[in-house]
Amino acid sequence: MTTATHTETHGFQTEVKQLLHLMIHSLYSNREIFLRELVSNAADACDKLRYQALDNDALYGNDSELRIEIEHDTDAKTITLRDNGIGMSRDDVVANLGTIARSGTAEFMKSMSGDQQKDSRLIGQFGVGFYSGFIVADEIIVRTRRADLETDQGVEWTSRGEGEFSVADIERAERGTEIVLHLKDDAVEFADDHRLRSLITKYSDHIELPVRMPRVEKDDEGNEQVHWETANSATALWVRSKSEVSDEEYKNFYKHVSHDFSDPLSWSHNKVEGKLEYTSLLFVPGRAPFDLYQREAARGLKLYVQRVFIMDDAEQFLPLYLRFIKGVLDTNDLSLNVSRELLQQDPQVDKLKSALTKRGLDMLKKLAKDPEQYQTFWNQFGSVIKEGPAEDFANREKIAELLRFSSTHTDSTTQDQSLAQYVERMKEGQSKIYYLVADSFNAAKSSPHLEIFRKKGLEVLLLTDRIDEWLMSHLTEFDGKSFADVAKGDLDLGDVENEEEKKAQEETAKSKEELVKRVKEALAESVQEVRITHRLTDSPACVVLPEHEMGYQMRKMMEAAGQPLPEVKPILELNPEHALFGRLEGGEGDYFADLAHVLLDQAIIAEGGALEDPAAYVRRLNGMLSA
Numbered sequence: 001m002t003t004a005t006h007t008e009t010h011g012f013q014t015e016v017k018q019l020l021h022l023m024i025h026s027l028y029s030n031r032e033i034f035l036r037e038l039v040s041n042a043a044d045a046c047d048k049l050r051y052q053a054l055d056n057d058a059l060y061g062n063d064s065e066l067r068i069e070i071e072h073d074t075d076a077k078t079i080t081l082r083d084n085g086i087g088m089s090r091d092d093v094v095a096n097l098g099t100i101a102r103s104g105t106a107e108f109m110k111s112m113s114g115d116q117q118k119d120s121r122l123i124g125q126f127g128v129g130f131y132s133g134f135i136v137a138d139e140i141i142v143r144t145r146r147a148d149l150e151t152d153q154g155v156e157w158t159s160r161g162e163g164e165f166s167v168a169d170i171e172r173a174e175r176g177t178e179i180v181l182h183l184k185d186d187a188v189e190f191a192d193d194h195r196l197r198s199l200i201t202k203y204s205d206h207i208e209l210p211v212r213m214p215r216v217e218k219d220d221e222g223n224e225q226v227h228w229e230t231a232n233s234a235t236a237l238w239v240r241s242k243s244e245v246s247d248e249e250y251k252n253f254y255k256h257v258s259h260d261f262s263d264p265l266s267w268s269h270n271k272v273e274g275k276l277e278y279t280s281l282l283f284v285p286g287r288a289p290f291d292l293y294q295r296e297a298a299r300g301l302k303l304y305v306q307r308v309f310i311m312d313d314a315e316q317f318l319p320l321y322l323r324f325i326k327g328v329l330d331t332n333d334l335s336l337n338v339s340r341e342l343l344q345q346d347p348q349v350d351k352l353k354s355a356l357t358k359r360g361l362d363m364l365k366k367l368a369k370d371p372e373q374y375q376t377f378w379n380q381f382g383s384v385i386k387e388g389p390a391e392d393f394a395n396r397e398k399i400a401e402l403l404r405f406s407s408t409h410t411d412s413t414t415q416d417q418s419l420a421q422y423v424e425r426m427k428e429g430q431s432k433i434y435y436l437v438a439d440s441f442n443a444a445k446s447s448p449h450l451e452i453f454r455k456k457g458l459e460v461l462l463l464t465d466r467i468d469e470w471l472m473s474h475l476t477e478f479d480g481k482s483f484a485d486v487a488k489g490d491l492d493l494g495d496v497e498n499e500e501e502k503k504a505q506e507e508t509a510k511s512k513e514e515l516v517k518r519v520k521e522a523l524a525e526s527v528q529e530v531r532i533t534h535r536l537t538d539s540p541a542c543v544v545l546p547e548h549e550m551g552y553q554m555r556k557m558m559e560a561a562g563q564p565l566p567e568v569k570p571i572l573e574l575n576p577e578h579a580l581f582g583r584l585e586g587g588e589g590d591y592f593a594d595l596a597h598v599l600l601d602q603a604i605i606a607e608g609g610a611l612e613d614p615a616a617y618v619r620r621l622n623g624m625l626s627a
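UniProt numbering applies: residue 1 is where the sequence shown begins, and numbers increase by one.
Here it is as structure tokens:
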């Protein structure tokens, strides 16, 4: 009989209350995952003990056989799960079972919609761990003791998963944790030997530790004898041969390491021997976690050294742009007493990172052979992959092969066109890959800068993600072809234009020099330059930035971040074939100046820019319309 002393009652953290309510209702159709989550936690606790015992063997006491045990009592409607891992202190219990110690929790809770199906997917992205027990239980009792504490420093935690929980000091001879689930009336199906064994096989067969269950048999005299049997294979999945592991086992192992409810899109399982010795099992998730864009959020692989668990979220082995990849690294090239600080100094880490980055990129390249699957991946993680060229110069070409864009070839908002496809479609005489950066797809699609390209049948990539201009500043060429922003610098269509066309353009520009000079004088300090253009067919004017100047999209981002930027004056280009150009030629005085300003302001608006003096634009336009 456990005697509890010094009992305290605590209220759950607000987010825990909300999560419990949503989880219990949203995950009702997938209740069996509670066992997977609790077994995973128990395995982690044993891994942590094994690691800490490297420096302090006394933590094992007289019990060095790490294990997980599961019992059930049909009459009492209970399931009991225990491990002899690291255990918890009183402070650990309050911190770990009363709060969700995870960055972005508040943002996650705000994303809940009340739609059970959608919320179920979100909860799966967040991970529920211990709290999943309340899907099937109306009361949970946890008894635990940290391995380095005395037997009188055990702790008992009790809650019905509503508003509060109680914590009491108890005597506990065994280290580790015991969880007793008092099942709801509609969940008694889980207090069944066959049901539990099948769930262990389904979800936890890959756990390296033995997951044991009692088997009751009668001896020759009819007396009941209890034997403990291992219900899983108890072999680390990643050390098995690929040919021995089924797709279903890989998928379940992914859910174990990621705490995601959905299947992965792809995986790569490799064992390497030679200068480097390691086994890696990498997964590409089927959907992005809610904190994908929080670059400081926990990320990385589960690290094992010589089969001994070292740490979760070892971020040193993959670059930041591959932070969505989950999995395991087991290596013989690091010392068992390695820490996060030592990882930053170990030269072997750089070699392993280089190798694993290549594995990750090769996995994505293979995934790209299935356009439908890869589109699913790109829709979830494309913006993160676009961080790659700036962060990983050595693999810039490989990353470029994985990029997808919208394009005038399809005029679709879907980013599904590769650079290889673009190059394959290039016109004879075309030497550059043309692109346009805009705030939205509609703004890009209707930009006047595309007019000459549509006339010539030249494809332009339409870049509308916030990161795109930054991406292109680090992506200078692909397959020997340089990139050209159609809204910057002089327009160069290369050999797509013949010498006769180029000569005609030069003559037109020369014949309009006087008018161009007058426009420049009228606009005074508002523009850097005014010139005749041949890039327009329908619009009267457009603005262009100098070739190496920061674009409008990047300027907006920098300014939003509070970064002061020097003023940049645009270049105004005029279409000599447009009717309004004819009015300029015949205009004088205030009318001429007003029309010049209106053309400039309209060109800025067409680029998604903001006018310095919108009222002046309206006044000038109204004056011209009423004249």
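Backbone N, C-alpha and C fix where the C-beta goes; we use that ideal spot for every residue, glycine too.
Nothing here was measured: the structure is a model prediction, and the numbers come from that model.
Reduced DSSP secondary structure (H/G/I, E/B, other) of residue i
i: K302; result: strand
i: F108; result: Caution is warranted here: a pLDDT of 49 is assigned to F108, below 50, making its placement in the model unreliable, and the coordinate value is therefore given only provisionally. In the structure shown, F108 sits in a helix (DSSP, three-state: H, G or I).
i: A394; result: helix
i: Y435; result: strand
i: A610; result: coil
i: Q125; result: Low confidence applies to Q125: its pLDDT is 44, below 50, so where it sits in the model is not reliable, and the reading given next is rough at best. DSSP places Q125 in helix when its eight states are reduced to three.
i: E507; result: helix
i: R555; result: helix
i: D55; result: coil
i: residue 632; result: Examination of residue 632 is not possible in this model, given that the chain is present from 1 through 627 alone.
i: E341; result: helix
i: H21; result: helix
i: E401; result: helix
i: E244; result: helix
i: D597; result: Here the sequence assigns His to residue 597, which means Asp is not the residue at that position. Here H597 sits in helix by DSSP.
i: T9; result: strand
i: S120; result: Summary for S120: the model assigns pLDDT 47, below 50, so the residue's position carries little reliability; its value from the coordinates is reported in the next sentence. Three-state DSSP puts S120 in a helix.
i: G154; result: strand
i: V568; result: coil
Residue i - containing beta strand (DSSP E), residue span
i: M311; result: V308 to A314
i: Q326; result: In the sequence on display, residue 326 carries Lys and not Gln. K326 to T331 is the extent of the beta strand (DSSP E) around K326.
i: L572; result: I571 to L574
i: F441; result: No beta strand (DSSP E) holds F441; the alpha helix (DSSP H) holding it covers F441 to K445.
i: F165; result: E164 to I170
i: I532; result: E529 to I532
i: S258; result: Unbroken run through S258 is the alpha helix (DSSP H), D247 to S258; no beta strand (DSSP E).
i: V544; result: A541 to V544
Residue(s) in a DSSP beta bridge with residue i
i: N270; result: S280
i: D83; result: I68 and T177
i: S406; result: L462
i: D362; result: Answer is none; D362 lacks a bridge partner.
i: S159; result: I140 and F165
i: T78; result: D73 and H182
Host alpha helix (DSSP H) of residue i (start-end)
i: L149; result: Run containing L149: none; DSSP gives neither H nor E here.
i: R454; result: E451 to K456
i: residue 635; result: No answer is possible for residue 635: the residues shown for the chain start at 1 and end at 627.
i: I33; result: I33 to Q52
i: A420; result: L419 to R425
i: residue 649; result: Lying outside 1 to 627, the shown extent of the chain, residue 649 is not represented and no answer is given.
Closest by C-alpha distance to residue i, when choosing among the options
i: E296; options: V284, M311 and E315; result: E315
i: F253; options: K445, I467, R36 and R535; result: R36
i: P564; options: I68, R555 and R404; result: R555
i: A187; options: T78, V211 and L49; result: T78
i: H534; options: P319, G551, S482 and L450; result: L450
i: K520; options: W228, H597, D492 and G587; result: H597
i: A394; options: L343, L475 and T331; result: L475
i: D247; options: N223, Y203, L199 and R175; result: Y203
i: K510; options: N498, E525, R531 and E497; result: R531
i: P371; options: D346, Q417, L342 and E391; result: Q417
i: V39; options: F130, L54 and G11; result: F130
i: M426; options: G494, S473 and E401; result: G494
i: L292; options: D312, L54, V437 and Q380; result: Q380
i: R287; options: S440, R212 and D260; result: D260
i: G133; options: T158, D152, Q153 and D465; result: T158
Min CB distance residue i to chain E below 8 Å
i: V284; result: Among the protein chains of the structure shown there is no chain E, as only one such chain exists.
Please give me, in chain order, every unbroken run of the beta strand (DSSP E) with length at least 3 that falls completely inside the region 172–240.
Runs found: 176–183, 211–218 and 224–230.
For the region 467–524, list the alpha helix (DSSP H) runs that are entirely contained and at least 4 residues long, ordered along the chain.
Contiguous alpha helix (DSSP H) elements confined to the region 467–524 occur at 468–472, 499–511 and 513–523, taking only those with 4 or more residues.
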